[in-house]
Amino acid sequence: MSTLRVNVKWGKEKFENIEVDLNESPVQFKAQLFTLTGVPPTRQKILCRGKNLKPDTWDEFPVQEGSLIMLLGTAEELVEPPVSNVQPTFLEDMTPDQINTAICLKSGLKNLGILLLAILHMQRFILQQLHSLIYKHSLGVFFNLFT
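Per UniProt numbering, residue 1 is the first one in the sequence shown, and the count goes up by one each step.
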């Protein structure tokens, strides 16, 4: 094996007379392409006549002097998600004060207004029902005494 000169096509760009040493590992060639294109070796796919270049050997890769090699891959860096120092907090692990601040509800009479109104209406309804039962029961007892 020896040193060859090849042409590399990457997208719309074409790099001519790139020196390839077949005695070296394909990793060296990928590093060379990285310096030319900015495509990281982990994101490179190198093709020649429909065959893919394996990462450890030049066997079965049909490269010859003046061959056209296609490089596939993008030069952009992968966007990593931002690292957050905020750990998730579960409701079961929180104290009542922490729950109130997380929910953003203040305790006190302002938030009890609707509850108090509902209790008042229920109290009126229950009292009316109780009065009607007492009245019916008392009339029934009264009429039973005289029959």
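Cβ atoms here follow ideal geometry from the backbone N, Cα and C, with glycine treated the same way. Here the structure is a predicted model, which means the values were calculated and not measured.
Asked                                                                                                                                                                                : Found
Please name the residue or residues paired with residue 10 in a DSSP beta bridge.                                                                                                    : 13
Within 10 angstroms of its Cβ, does residue 147 collect 16 or more other Cβ (buried), or is it exposed?                                                                              : Note that residue 147 scores a pLDDT of 49, beneath 50, so its modelled location is shaky and nothing firm can be said.
Decide if the stretch 49-63 is in contact with the stretch 32-39; the criterion is three or more beta carbon pairs, one per stretch, under 8 Å apart.                                : no
Taking only runs of the alpha helix (DSSP H) that begin and end inside the UniProt domain "Ubiquitin-like" (4-72), which ones reach a length of at least 4 residues, in chain order? : 26-37
Using alpha carbons as the reference points, say which of 135, 64 and 124 lies closest to residue 3.                                                                                 : 64
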